[in-house]
Amino acid sequence: MTNRLRFAVAIAVLLLGPFSLAQKHRAVSASAVYPIEEGYVDAHGVMIYYTTIGRGSPLMIVHGGPGASHDYFLPYLLPLARTNKLIFIDERGSGRSQKLEDVKQYTVENMAADVEAVRVELGLNKISLLGHSYGGVLAQAYALKYPEHLSHLVLASTFASTKEMNQVLAKIKSQMPPGKLALTNAIEKAGLFGKGAAWEHGRYPDTYATLAWGDGYFPKLYGARPDPNYDPQAQNTTTAWDLYREMWGSHGEFVIDGNLTSVEYLDKLPAIKVPTLILAGDHDECDPAMSKEMNAKIKGSKLVILPNSGHMAFVDQQNLWNKTVAEFVNGK
Numbered sequence: 001m002t003n004r005l006r007f008a009v010a011i012a013v014l015l016l017g018p019f020s021l022a023q024k025h026r027a028v029s030a031s032a033v034y035p036i037e038e039g040y041v042d043a044h045g046v047m048i049y050y051t052t053i054g055r056g057s058p059l060m061i062v063h064g065g066p067g068a069s070h071d072y073f074l075p076y077l078l079p080l081a082r083t084n085k086l087i088f089i090d091e092r093g094s095g096r097s098q099k100l101e102d103v104k105q106y107t108v109e110n111m112a113a114d115v116e117a118v119r120v121e122l123g124l125n126k127i128s129l130l131g132h133s134y135g136g137v138l139a140q141a142y143a144l145k146y147p148e149h150l151s152h153l154v155l156a157s158t159f160a161s162t163k164e165m166n167q168v169l170a171k172i173k174s175q176m177p178p179g180k181l182a183l184t185n186a187i188e189k190a191g192l193f194g195k196g197a198a199w200e201h202g203r204y205p206d207t208y209a210t211l212a213w214g215d216g217y218f219p220k221l222y223g224a225r226p227d228p229n230y231d232p233q234a235q236n237t238t239t240a241w242d243l244y245r246e247m248w249g250s251h252g253e254f255v256i257d258g259n260l261t262s263v264e265y266l267d268k269l270p271a272i273k274v275p276t277l278i279l280a281g282d283h284d285e286c287d288p289a290m291s292k293e294m295n296a297k298i299k300g301s302k303l304v305i306l307p308n309s310g311h312m313a314f315v316d317q318q319n320l321w322n323k324t325v326a327e328f329v330n331g332k
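Those letters in the sequence shown? Residues 1 to 332, per UniProt numbering, in order.
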């Protein structure tokens with residue numbers, strides 16, 4: 001090799017070396033980037049908000065409330081994006097999705113049809129579906145109507161019978177401190193809506209919100225790691241109240257007397273054949289005894305009761321909860 005050729009090769013190495021390193025760096029960085037996609041699906045005339053993140057087989061996640069939004073899952077469920085494409089939705093009337101003038105359109109059945117519309121419009125084949133709390137009721141409704149489009153089902157901290165759930169709620173209420181229980185009963189008897197300033201008429205009085213979601217529910221919500229930002233009154237201004245009153249009811253937190261009284265799925269659960277994971281906290285607001293009953297009804301289902309956990313078990317036991325879900329939906 002001539003000196004001139006050696007010099008040319010050396011220059012090329014010097015020039016291309018940084019380029020090659022930059023290319024390698026970009027490739028590594030790209031594998032660590034998880035872009036977010038969001039949009040709306042027109043589901044039979046109702047605009048349903050969705051957001052996606054992650055890579056892998058699709059895992060759709062539906063929230064509770066009814067009338068909350070997908071926001072409460074974040075950032076806790078983000079590690080699942082490493083193994084699955086996560087699709088979060090806000091159910092009709094909730095979060096960023098369209099509000100409806102006709103509250104009679106807020107039903108479990110319509111919301112199951114919305115989930116199916118999102119699946120179709122996003123071009124997904126079979127999906128894993130995870131529902132938490134009321135979202136678990138919705139997930140059961142979907143599994144019973146659209147089983148051919150499911151690969152896996154995850155029912156987290158949920159119930160299959162409103163009659164049973166009402167018994168659980170009555171028990172939770174009875175465990176409140178006597179003075180606060182008496183005040184709760186008095187406020188309920190006087191009527192919960194139409195109180196205070198005009199903008200407060202459609203929601204619980206703040207005192208009642210603190211009693212119900214604080215003194216009543218809080219011991220059943222968390223265990224090992226209570227959320228330091230939890231504020232029972234915050235739900236008063238984030239809940240979709242027209243939807244909540246239609247579905248849950250108007251007589252307080254400790255009785256479901258809205259259209260969710262139609263939810264009696266126990267005798268239907270044996271029809272669910274898709275691989276099913278049932279999760280609950282050991283002192284869940286949705287009593288783990290109900291999860292055990294669901295496990296007995298769904299043949300071959302897997303039951304996991306997480307220790308030191310309440311209704312928000314994915315907060316209390318984030319790593320264990322996510323690991324359990326990821327391994328199940330990915331067949332490990």
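Backbone N, C-alpha and C fix where the C-beta goes; we use that ideal spot for every residue, glycine too.
A distance below 8 Å separates the beta carbons of A112 and Y142. Within the same chain, and ignoring the five residues on either side of G54 in sequence, the residues whose Cβ sits closer than 8 Å to its Cβ are Y34, L80, A81, R82, T83, N84, K85 and L86. Taken in chain order, the whole alpha helix (DSSP H) runs of length 4 or more contained in the region 78-122 are 108-121.
Contact between the region 63-72 and the region 228-242 is present, with at least three C-beta pairs closer than 8 Å.
Annotated as proximal: V108 and L138, with beta-carbon spacing under 8 Å. In summary, S262 is exposed, with fewer than 16 beta-carbon neighbours lying within 10 Å of its beta-carbon over all protein chains present. Annotation: D102 to L124 spans about 30 Å, alpha carbon to alpha carbon.
Annotation: H132 to K189 spans about 31 Å, alpha carbon to alpha carbon. A straight-line Cα-Cα distance of about 29 Å links S31 and H149. Two segments are said to touch when three or more pairs of C-beta atoms, one from each, lie closer than 8 Å; by this definition the region 216-223 touches the region 308-317. L183 sits away from G252, with the two beta carbons spaced by 8 Å or more. With fewer than 16 other Cβ atoms from the protein chains shown falling within 10 Å of its own Cβ, L74 counts as exposed.
Judged by beta-carbon spacing, S128 lies within the 8 Å limit of S151, meaning their Cβ atoms are closer than that value. Using a Cβ distance threshold of 8 Å, T207 and P232 do not count as a contacting pair.
Around the beta carbon of D71, a 10 Å sphere encloses fewer than 16 other beta carbons of the protein chains shown; the residue is thus reported as exposed. According to the DSSP secondary-structure assignment, L129 is paired through a beta bridge with M60 and L153. The C-alpha of T51 is placed about 5 Å away from the C-alpha of F88.
If the five residues before and after T276 are omitted, its C-beta is found closer than 6 Å to the C-beta atoms of L153, I298 and S301, all from its own chain and listed in chain order. Distance from the Cα of Y76 is smallest, within the candidate group V315, Y40 and Q175, for V315.
By the 16-neighbour rule on beta-carbons within 10 angstroms, V120 is exposed. Going by beta carbons, L169 and I61 fall outside the 8 Å limit. Shown here, Y50 sits in a strand according to DSSP, grouped into three states. One alpha carbon belongs to M290, the other to L303, and they sit about 11 Å apart. With distances taken between CA atoms, L144 lies nearest to K273 out of K273, N110 and N236. A distance below 6 Å between beta-carbons, with the five flanking residues on each side excluded, links I187 to the following residues of its chain, in chain order: Y208. D316 carries a helical assignment under DSSP once its states are collapsed to helix, strand and coil. Following the DSSP letters along the chain, one finds T162 inside the alpha helix (DSSP H) bounded by residues T162 to S174. Looking at Q167, G39 and G95, the one whose alpha-carbon comes closest to that of E285 is Q167.
Annotation for N236: R203, Y204, D206 and A209 place their beta carbon closer than 7 Å to its own, counting only its chain and skipping 5 residues before and after.
According to DSSP, L306 shares a beta bridge with G281. When the beta-carbon positions are compared, T158 and G136 come within less than 8 Å of each other.
Annotation: V255 is outside any alpha helix (DSSP H) and is labelled neither H nor E by DSSP.
Looking at the backbone, the Cα of M294 and that of E164 are separated by about 12 Å.
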